[in-house]
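All remarks here apply to the structure that follows.
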Amino acid sequence: MKAQLTSAAMKRLCIKNEDLKEKNYTELILKYRDEEKAKAFQKIQQQTIADLNLRIQQEELRIEQNGITEAEYKILGSPPALKEYIKKEQKVQQSMSQSQNSPRVLTHEIMQKSLELRNELQSENQQRQALQRETMLKKMEEQEEKRLRVIEEKRKAAQTLREKYVADDIQEKIDEQRRMQQLKQNERIKKAEELKRRKEQEILEEKIQKQEIFKTKIEATKQAQEYQSFKVQQQQAKTMMSDAEKTQKRLQMLKEQEAANAQFKQQIQQAALIRQQKEQERVRAEEAHKERLRIETERQQQKQIEFQRQKQIETQREYDEKMRRLKEQQQNAKQVLQEEQERKQVLRKVQIEQIQQNEKVKEKMQEETKQKAIQNQIQLVEKKQKIKMMQEKTEQEAEIKKQRLLDEMRQIELLNEQKAKEQEAIVEITQRAYLKTPIK
1 MKAQLTSAAM
11 KRLCIKNEDL
21 KEKNYTELIL
31 KYRDEEKAKA
41 FQKIQQQTIA
51 DLNLRIQQEE
61 LRIEQNGITE
71 AEYKILGSPP
81 ALKEYIKKEQ
91 KVQQSMSQSQ
101 NSPRVLTHEI
111 MQKSLELRNE
121 LQSENQQRQA
131 LQRETMLKKM
141 EEQEEKRLRV
151 IEEKRKAAQT
161 LREKYVADDI
171 QEKIDEQRRM
181 QQLKQNERIK
191 KAEELKRRKE
201 QEILEEKIQK
211 QEIFKTKIEA
221 TKQAQEYQSF
231 KVQQQQAKTM
241 MSDAEKTQKR
251 LQMLKEQEAA
261 NAQFKQQIQQ
271 AALIRQQKEQ
281 ERVRAEEAHK
291 ERLRIETERQ
301 QQKQIEFQRQ
311 KQIETQREYD
321 EKMRRLKEQQ
331 QNAKQVLQEE
341 QERKQVLRKV
351 QIEQIQQNEK
361 VKEKMQEETK
371 QKAIQNQIQL
381 VEKKQKIKMM
391 QEKTEQEAEI
401 KKQRLLDEMR
411 QIELLNEQKA
421 KEQEAIVEIT
431 QRAYLKTPIK
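So this is what it looks like as structure tokens:
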């Protein structure tokens, strides 16, 4: 009985079994290509299924309390209890019509009350349908506004991200210029230190050369003094030596003097040669140092040029990668938006078709209800008292139905307000999760 009651409620609400099936999380990931979006749409889908189940339960309760007409039973089906109730009512009406021999006159008052009751039921039904259509249209407008708001927020987020990329690029260029200026400053400081070191080395070498010249002069002075003392000694010895000895001594002294002079000249030549060699070594060392400095400078310049070129390549590659990711995100957003629009269009088309189908079914039911009312009016001609009792009972039931309908409308309004608040909360959570996601 529960299954038949659920089937009747679903047919009356035009809900299919596929509408109550939840899509797999993997399918949502493949469709939206984003984990946060998939989770958000899964929550929305679960909420929609819960709302449909709630509507089905309310419709089941309404069918159990109020029942359905015979025409609606032929189209939708009915639980066994309602089916038996309808059969019993038909048997009672048939037995009463057969037992009634004398026809009854249908008075104007009875016809007027029947028409008023039928018009009242039709107006209530039309009001309920109009309320449902208005609620559905309002819900669709709210969903469209939310969708446009989400698109605008995504556009603003993309614009902010693009501005951030441009600002980061400008900051990187400024940092690169600062690094280049720092490298140039370090190079100037290094050159100044090298020049200072070279000057100090030249001053030190000049001091060493002066010291060597001074030592050479001192040695020459000592040798001259020794030679002068030797000459004095020779002069003193002249008076005490004979002429032969003097001559021999003079020759020997001359030889010694010549040897001393030759030795002195040789020492001077050696000192000059040493100075010349040191000067040549100093010149070669200075040239080698200049060559090393030139090679080091060229190597530093080449390294700096290579570093700048590599940095420019990396900067261009990072910029291209950022722009590619941004384009992919924009394309994904456009694709998701297009898919969402297509899905909305299909859903709107299906909803319109369902509404049209429901209206056709309701028109058919109303036509059958009118025919049934005419038959009932013909039967009321033969059973005046029964019609009067049934009218009183029908008025009471109509009042009860009207009160119940008002209560149900209030409950539907409360449920719609609660559902709208929950949908807004879900959309806000989805937006926050989307904005906190890093861009890969």
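For the sequence shown, UniProt numbering gives the first residue as 1, with consecutive numbering after it.
Just so you know, even glycine gets a beta-carbon here, dropped at the ideal spot from N, CA and C.
Computed from a predicted model, the values in this text were never measured in an experiment.
In the three-state scheme derived from DSSP, where H, G and I count as helix and E and B as strand, Asn-261 is classed as helix.
Tyr-25 counts as exposed, since fewer than 16 other C-beta atoms from the protein chains shown sit within 10 angstroms of its C-beta.
Taking C-beta atoms as the reference points, Ala-158 and Thr-430 fail to come closer than 7 Å. Put simply, of Arg-33, Asp-168, Glu-187 the residue whose alpha carbon is nearest the alpha carbon of Gln-316 is Asp-168. Ala-262 and Lys-210 have their C-alpha atoms roughly 24 Å apart. Per the C-alpha coordinates, the member of Arg-188, Lys-196, Gln-235, Thr-369 positioned closest to Gln-300 is Arg-188.
In this structure, the beta-carbon distance from Glu-60 to Arg-12 does not fall below 7 Å. Closest by C-alpha distance to Leu-20, out of Glu-281, Ile-29, Thr-6, is Thr-6. A contact between stretches requires three or more CB pairs, one per stretch, nearer than 8 Å, and the stretch 350-368 fails this requirement with the stretch 190-199.
In this structure, Glu-205 keeps its C-beta atom at 7 Å or more from the C-beta atom of Arg-275.
Three or more beta-carbon pairs drawn from the stretch 119-128 and the stretch 388-406 are found closer than 8 Å, and the two stretches are therefore classed as touching. In the structure shown, Glu-22 falls within a coil segment according to DSSP collapsed to helix, strand and coil.
DSSP places Asp-168 within a helical segment (H, G or I) once states are collapsed to three. The beta carbon of Asp-34 is closer than 7 Å to none in its chain, skipping five residues each way along the sequence.
Cβ-Cβ separation between Ile-63 and Ala-9: approximately 6 Å, consistent with a contact (criterion under 8 Å). Taking a cut-off of 8 Å on C-beta distances, the stretch 134-154 touches the stretch 413-424, as three or more cross pairs fall below it. In the structure shown, Asp-320 adopts helical secondary structure according to DSSP, grouped into three states. Distance from the CA atom of Lys-138 to the CA atom of Leu-161, rounded to whole angstroms, is 34 Å. About 20 Å separates the CB atoms of Leu-28 and Ile-151; that is not less than 8 Å, and the two are not in contact. Arg-292 and Glu-202 have their C-alpha atoms roughly 18 Å apart. The beta carbon of Leu-415 sits closer than 6 Å to no other beta carbon from its chain once the five residues preceding and following it are set aside.
By the 16-neighbour rule on beta-carbons within 10 angstroms, Ile-218 is exposed.
Cβ atoms of Glu-22 and Gln-46 come within 8 Å of each other, at about 7 Å.
Lys-207 and Gln-257 have their C-alpha atoms roughly 33 Å apart. Looking at the backbone, the Cα of Glu-342 and that of Arg-348 are separated by about 10 Å. In this structure, Lys-154 sits away from Ala-38, with a CB-CB distance that is not shorter than 7 Å.
Judged by beta-carbon spacing, Lys-43 lies beyond the 7 Å limit of Tyr-165, meaning their Cβ atoms are not closer than that value.
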